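Asker: Dumping the structure here so I can ask a few things about it.
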């Protein structure tokens, strides 16, 4: 970071921290060396500069003789604040007129408007949180589901950073030893045990692999769980979708193969966002060209699925055919759920025939049209989500910047292994290790560029 | 107020105090005896029950094992709070998911959702502010102009209430004396000097009259200043309106009498909202039926005007004609402004002829088409507003409920005077005085009904 950036940060900044619009109260946040002393000029009630940190004061804000509002002013004295600087929070009446007047008052007194994310950026630059934690703050504000919330909280509280920092620490030790060798290069010594290095690289690679794998799941957390409903024509896919959505989005008809377009909709179940995709009937062979396109689309959708729901008609599906389908689903290596429909119309013999299957695979019996077993079905979605979560590493990567850095790190680690195989010299090895370290450091912000910071914080909202 | 209402207020309430929507932070407000102790159950960091009032504490809010958010919790200990009860304000990340989770947490623990205005209602019932002040809080949140803001601040800080209370105090003294007479009625004494009472009633009536008059102005504060632009056809009214609005709303043409509909638009000048109304050409006699309707409308609009702007063509208006117009305007008893247009095309002789007029009346010279003198014109609007403000009593009535109560009080005072004239007995007089007192008490809420409170606070936003 250039010294220019630090100079910028000598300035005191202000922003509305609460959403715009009419409300009972609004909160304005001011940060910077002069935050308290400037506020003290407008505040009548007591001398704010003589108050301890983390205290709240009632009084009026004045512009000359004119009272702008009765306010509560909270004082945070550096470094015990969000940004690490002096911070003042003004809680005023939630009128846009009053908010404008207060901001104008500060602007007239040498305070400037905060840029998007500038409070959090200052917190990062002042060492209050690392870059991955800062990014989690934005994720937390944007979170709309329990899973996204959990991942953001975990990351904000440093879970992810701790893991990265540990890997980094181990690599740094090796880098140090190898660079020490370089100082003694004429003596041809090896301080860094090459076999230990190989072992370490393997260990780091396996952790990173897990983190990379968690990224798919991380995306699910951010964007919701995609459930693709597949099954033969007339299995009742559209009816099931309607029942799940409680509304008539898909066209339901008695004629096999009615649904040709993929229909999507979102439902929140126990705080988890599910995106359901109904598909055209899955028939292997069809003379109908449009139907064929529908099947192509279905296959594409199945690739995007986080969970595949295979729906079958309990009455008209031979167990043998079902088992074949199960093997095809297993080959996709995705969580899937077998759902037997039309339980309301089924004979006891059919159910008995399915018993063997139920022993090996989870089958949920429902009647989409009679709304039987729907709660059980929803519970099964949640079970799968929890199982996935459990399988994912404790730490989940949700940020594509982190994903990219981890991928790059993985590549550099491969380079190290290749170099060790071909017994390259210590100085070249050191370069590869430095490269791997660089990518890890990028995540936590131990190494950053101005552009990167600019990019990250510009996506924040104003006032944070 | 029934005891039932007080029982309601044993409950602890919660509401989002900041506007809904994504923001850097959101503030939740909890009020009631258990506000702090219940919050303490979810807050990890320190024991909130042992913290002094007006302090802020950083920590995490948990639901069982799960961390919901890192928050700042502010403690206000009764009676030193907005409501007069124990109050907790939680500043959390501005995610609707987190807000929902926190509210759910409190609802599960015996706290209930606050009704609209319930925090302010509690403040009123706990004697933190009177009813007129409480109503001003809602006005303050809704204020959009400097004038509305000033009136609301003044009322919230008790200016209006103080005046009402003083009148009330004086009447109460008399009422007490007259009621004392009743106790000694057999002895036929007069403790209350009737001529002093007449004098007092007159004094109160004159104050109330002023307050009632300020109501028109109070409405202006709330709704903006209506400026009706009148003048002969082709004086340039539409051009002036366009220049003021900086856009082509009115149809401008060279043919006299083009503008037939009243065209309105709003402009904020120095924080004051002005509503400009252009009118059809003011011609006393016209054969054109449509034009005639336009003139009728103009006269109606002039009745609604707060300021009348009389525009005349400097070149084509004889001074004599202008003076006649000025007398007609004076008869309307409204602030008016004479504006001479087409200064760009005028001869020196014409201006000299107008000099006498300028000595007695304020005349602004402009060119609507060349945009000359427009800033001076705007300044004149502001001057008139300030003059009106100055003329209005210090206290301005903006609330129709107060207006109604003052009108009713005025009627009761008339009854007292009539009663005194016809020398009615002390007990009847006492009833009239009680009646006048009742209406004054209604304003400050010294006397209220549940329905009234319900009605007033239901118009508040949730969280206030």
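Chains as they are written, first to last, in this note's numbering: chain A, 425 to 888; chain B, 425 to 888.
The C-beta atom is built at its ideal place from N, Cα and C for all residues, glycine as well.
Remember, it's a predicted structure, so these values are computed and weren't measured experimentally.
(1) Quick one: residues in its chain with C-beta nearer than 7 Å to the C-beta of residue 463 of chain B, no 5 flanking neighbours on either side, listed in chain order?
(2) Is there contact between the stretch 837-848 of chain B and the stretch 622-629 of chain B, where contact requires at least three CB pairs shorter than 8 Å?
(3) Within a Cβ cutoff of 8 Å, which residues of the same chain sit near residue 879 of chain A, ignoring the five residues on either side of it in sequence?
(4) Can you name the residues of chain B whose CB is closer than 8 Å to the CB of residue 507 of chain A?
(5) Going by beta carbon distance, what residues of the same chain come within less than 7 Å of residue 515 of chain B, once the five residues before and after it are set aside?
(6) Give me the residue from A/625, A/844, A/624, A/601 with the minimum Cα distance to residue 615 of chain A.
(7) Can you tell me which of the three DSSP states residue 498 of chain A falls into?
(8) Anyone know if the C-beta pair for residue 787 of chain B and residue 781 of chain B falls short of 8 Å?
(9) For a quick check, are the C-beta atoms of residue 392 of chain A and residue 564 of chain B less than 8 Å apart?
(10) State the start and end residues of the unbroken alpha helix (DSSP H) segment that holds residue 751 of chain B.
(11) Assuming residue 522 of chain A is part of the beta strand (DSSP E), what are its boundary residues?
(12) Within its chain, find whatever has a CB closer than 6 Å to the CB of residue 882 of chain A; leave out the 5 residues flanking it on each side and keep chain order.
(13) Report the neighbours of residue 445 of chain B on chain A: residues whose CB is nearer than 8 Å to its CB, in chain order.
(14) In three-state DSSP terms, what is residue 734 of chain B?
(15) To the nearest angstrom, how far is it from the Cα of residue 827 of chain A to the Cα of residue 821 of chain A?
(16) Against chain B, does residue 519 of chain A count as a neighbour if the rule is that its beta carbon must be under 8 Å from one of theirs?
(17) Go to residue 478 of chain B, then tell me how far its beta strand (DSSP E) extends in each direction, as first and last residue.
(18) Taking Cβ positions only, does residue 450 of chain A come closer than 8 Å to chain B?
(19) Determine the closest residue to residue 812 of chain B out of B/470, B/730, B/446, with distance taken between C-alpha atoms.
(20) Report the option in A/873, A/842, A/874 whose CA atom is closest to the CA atom of residue 622 of chain A.
(21) How is residue 890 of chain A classed by DSSP in three states: helix, strand or coil?
(22) If you draw a straight line from the C-alpha of residue 534 of chain B to the C-alpha of residue 458 of chain B, how long is it?
(23) With a cut-off of 8 Å, does the C-beta of residue 888 of chain B fall near any C-beta of chain A?
(24) Check the Cβ-Cβ distances between residue 486 of chain B and every residue of chain A, and say whether any is below 8 Å.
(25) Leaving out the 5 sequence neighbours to the left and right, which residues in its chain are closer than 7 Å to residue 862 of chain B when beta-carbon positions are compared?
(26) Determine the chain B residues that contact residue 947 of chain A at a beta-carbon separation under 7 Å, and present them in chain order.
(27) Measure the alpha-carbon distance for residue 867 of chain B versus residue 573 of chain A and round it to whole angstroms.
(28) By the 9 Å beta-carbon criterion, what residues does the stretch 565-577 of chain A contribute toward chain B?
(29) Excluding the 5 residues flanking residue 582 of chain A on each side, which residues of the same chain have their C-beta closer than 7 Å to its C-beta?
(30) Answer yes or no: do residue 750 of chain A and residue 762 of chain A have a C-beta to C-beta separation smaller than 8 Å?
(31) Going by other Cβ atoms of all chains shown within 10 Å of its Cβ, with 16 needed for buried, is residue 604 of chain A buried or exposed?
(32) In chain order, which beta strand (DSSP E) runs of at least 3 residues are fully inside the stretch 539-611 of chain A?
(33) Check each candidate in A/525, A/759, A/794, A/607 and name the one with the smallest Cα separation from residue 785 of chain A.
(34) Using only CA atoms, which one of A/491, A/479, A/440 lies nearest to residue 501 of chain A?
(35) Compare the C-alpha of residue 801 of chain A against each of A/752, A/698, A/854 and name the closest.
(36) Does residue 709 of chain B have its Cβ less than 8 Å from a Cβ in chain A?
Answerer: A quick look at the data gives this:
(1) Here residue 463 of chain B corresponds to residue number 39 of the second chain, with the count starting at 1. The residues are 454, 472, 497, 512.
(2) yes
(3) Position 455 of the first chain, counting from 1, holds the residue named residue 879 of chain A. Answer for residue 879 of chain A: no residue qualifies.
(4) Within the first chain, the letter at position 83 stands for residue 507 of chain A. The contacting residues do not exist; residue 507 of chain A stays about 12 Å from chain B at best.
(5) Numbered from 1 along the second chain, position 91 holds the residue referred to as residue 515 of chain B. Excluding residues within five positions, the ones whose Cβ falls inside 7 Å are 449, 451, 495, 496.
(6) For the purposes of this step, residue 615 of chain A is taken as residue 191 along the first chain, with counting starting at 1. For residue 615 of chain A, the closest C-alpha among the options A/625, A/844, A/624, A/601 is that of A/601.
(7) Position 74 of the first chain, counted from the start, is the residue given in the question as residue 498 of chain A. Three-state DSSP puts residue 498 of chain A in a strand.
(8) Here the question's residue 787 of chain B lines up with position 363 in the second chain. Here the question's residue 781 of chain B lines up with position 357 in the second chain. Result yes, Cβ atoms of residue 787 of chain B and residue 781 of chain B sit closer than 8 Å.
(9) Residue 392 of chain A is absent from the structure shown; chain A starts at 425 and stops at 888.
(10) Taking the second chain and counting its residues from 1, one reaches residue 751 of chain B at position 327. It spans 743-755 - the alpha helix (DSSP H) in which residue 751 of chain B sits, taken as one unbroken run.
(11) Here residue 522 of chain A corresponds to residue number 98 of the first chain, with the count starting at 1. Residue 522 of chain A -> not in any beta strand (DSSP E); alpha helix (DSSP H) instead, spanning 520-532.
(12) Along the first chain, read from residue 1 onward, the residue named residue 882 of chain A stands at position 458. Beyond the five residues adjoining it in sequence on each side, residue 882 of chain A comes within less than 6 Å, by CB distance, of 540 in the same chain, given in chain order.
(13) In the second chain, counting from the first residue as 1, residue 445 of chain B sits at position 21. The contacting residues are 443, 444, 445.
(14) The residue you call residue 734 of chain B lines up with position 310 of the second chain. DSSP places residue 734 of chain B in strand when its eight states are reduced to three.
(15) In the first chain, counting from the first residue as 1, residue 827 of chain A sits at position 403. In the first chain, counting from the first residue as 1, residue 821 of chain A sits at position 397. Answer to the nearest angstrom: the Cα atoms are 7 Å apart.
(16) Counting from one through the first chain, the residue named residue 519 of chain A turns up at place 95. Output row for residue 519 of chain A: interface = yes.
(17) Counting from one through the second chain, the residue named residue 478 of chain B turns up at place 54. Neither: residue 478 of chain B is in no beta strand (DSSP E) and is coded neither H nor E.
(18) By 1-based counting over the first chain, the position of residue 450 of chain A is 26. Judged by the 8 Å Cβ criterion, residue 450 of chain A is in contact with chain B.
(19) For the purposes of this step, residue 812 of chain B is identified with residue 388 of the second chain, where counting begins at 1. Minimum Cα distance to residue 812 of chain B is reached at B/730.
(20) Locating residue 622 of chain A in the first chain gives position 198, where the first residue counts as 1. Considering only alpha carbons, the answer is A/842.
(21) Outside the displayed span of chain A (425 to 888) sits residue 890 of chain A, for which this structure offers no information.
(22) Start at 1 with the first residue of the second chain, and residue 534 of chain B comes out as number 110. Start at 1 with the first residue of the second chain, and residue 458 of chain B comes out as number 34. If you take the alpha carbons of residue 534 of chain B and residue 458 of chain B, they lie about 10 Å apart.
(23) Here the question's residue 888 of chain B lines up with position 464 in the second chain. So yes, residue 888 of chain B belongs to the interface.
(24) By 1-based counting over the second chain, the position of residue 486 of chain B is 62. For residue 486 of chain B, the nearest beta carbon of chain A is not closer than 8 Å to its own beta carbon.
(25) What you label residue 862 of chain B is simply residue 438 of the second chain in a count that begins at 1. Same-chain partners within the cutoff: 871.
(26) Any answer about residue 947 of chain A is impossible in this case: the structure gives chain A only from 425 up to 888.
(27) Position 443 of the second chain holds residue 867 of chain B. Position 149 of the first chain holds residue 573 of chain A. Their backbone Cα atoms lie some 49 Å apart in a straight line.
(28) 565, 566, 567, 568, 569, 570, 572, 573, 574, 576, 577
(29) Indexing the first chain from 1 puts residue 582 of chain A at position 158. Contacts found: 557.
(30) If you number the first chain from 1, residue 750 of chain A lands on position 326. If you number the first chain from 1, residue 762 of chain A lands on position 338. Cβ atoms of residue 750 of chain A and residue 762 of chain A: closer than 8 Å.
(31) Numbered from its first residue, the first chain carries residue 604 of chain A at position 180. The residue in question, residue 604 of chain A, is exposed, as its Cβ has fewer than 16 Cβ neighbours within 10 Å.
(32) none
(33) As a first step, residue 785 of chain A is located in the first chain; it is residue number 361 there, counting from the start. Here the closest residue by C-alpha is A/759.
(34) One-based indexing of the first chain puts residue 501 of chain A at position 77. Looking at the Cα atoms, A/479 is the closest of the given residues.
(35) One-based indexing of the first chain puts residue 801 of chain A at position 377. Nearest of A/752, A/698, A/854 to residue 801 of chain A, Cα basis: A/698.
(36) Stepping through the second chain from its first residue, residue 709 of chain B is reached at position 285. Unreliable positioning characterises residue 709 of chain B in this predicted model, as indicated by a pLDDT of 41, which lies under 50. A coordinate reading is not provided.
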